[in-house]
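Since the structure comes first, as structure tokens, the remarks are kept for the end.
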Amino acid sequence: MKNLISPEELQLIDKCLAGEGKSQKLLYQKYVNAMYHTVVRMVGNSEDARDIIQDTFIKVFHHLGSFRKDSTLGAWIKRIAVNTALNFLRTEKNLQTMPFEEHLNERPMEEEEVKTVNMKAIHHAIKSLPEGSRVVLTLFLLEGYQHQEIAQILDITESTSKTQYRRGKLMLQEKLKEQWKG
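Be aware that the sequence shown starts at 1490, since it is given in the numbering used here, and climbs by one per residue.
See below:
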């Protein structure tokens, strides 16, 4: 099998693994522009791309020891950058919109009501809830935990978790209705 990595690059990797800052900076400078251009095309704006690139290189340096050398170093870093960008886009998409009926309302919404709400508005409204309701709602709605798991995590009873959820859901509905009217 042909070696895809030059001896110079192998030496650079070894020095990075040894914690040599100068080599880490060199590796970063060698690949940052290409990765940035890939990521900015994926996410559409430079601010998010810079954040993703920062996360990418944190992962690169953290996992450099597990690089198997079955591809070029650039291809490996690009795979990390693309996966980091895809995770960002999935998260961003989930923050943008979420069906309102799915968790917040047990009755069918009326036709004139908006079927989808801006997830950022929901997050803002959740932040303004009392702590107990806020934590339970976050764990249940956003993290996908069940009430039994929430009870164990928070050291409360399952019925307390359900009560906090119902109260929080009602307060959240009222806050969101106020936002829509305004």
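C-beta atoms are modelled at their ideal positions from N, C-alpha and C, and glycine is treated no differently.
Three-way DSSP call (helix, strand, coil) for residue 1509 in this model: In the sequence shown, residue 1509 corresponds to position 20, counting from 1. DSSP places residue 1509 in coil when its eight states are reduced to three.
Contacting residues, own chain, Cβ-Cβ under 7 Å from residue 1600 (five flanking each side not counted): The residue labelled residue 1600 in the question sits at position 111 within the sequence shown. Residue placement at residue 1600 is poorly supported in this model, since its pLDDT is 40, which falls under 50; the coordinates still yield a value, given next. None.
Euclidean distance between Cα positions of residue 1559 and residue 1493: Along the sequence shown, one-based indexing puts residue 1559 at 70. Along the sequence shown, one-based indexing puts residue 1493 at 4. Residue 1559 and residue 1493: Cα-Cα distance of roughly 7 Å.
What are the boundary residues of the alpha helix (DSSP H) that includes residue 1635? Sequence index remark: in the sequence shown, residue 1635 carries index 146 (1-based). Note, residue 1635: premise wrong, no alpha helix (DSSP H); not H, not E.
Go ahead and pull the three-state DSSP assignment for residue 1547. Translated into positions along the sequence shown, residue 1547 becomes position 58. Helix, per DSSP.
Assuming residue 1661 and residue 1618 are in contact, meaning their beta carbons sit under 8 Å apart, how far apart are those beta carbons, in whole angstroms? Counted from its first residue, the sequence shown places residue 1661 at position 172. Counted from its first residue, the sequence shown places residue 1618 at position 129. Going by Cβ atoms, the distance from residue 1661 to residue 1618 rounds to 7 Å, so yes, they are a contact pair.
So, helix, strand or coil for residue 1500, using DSSP? If you number the sequence shown from 1, residue 1500 lands on position 11. Helix, per DSSP.
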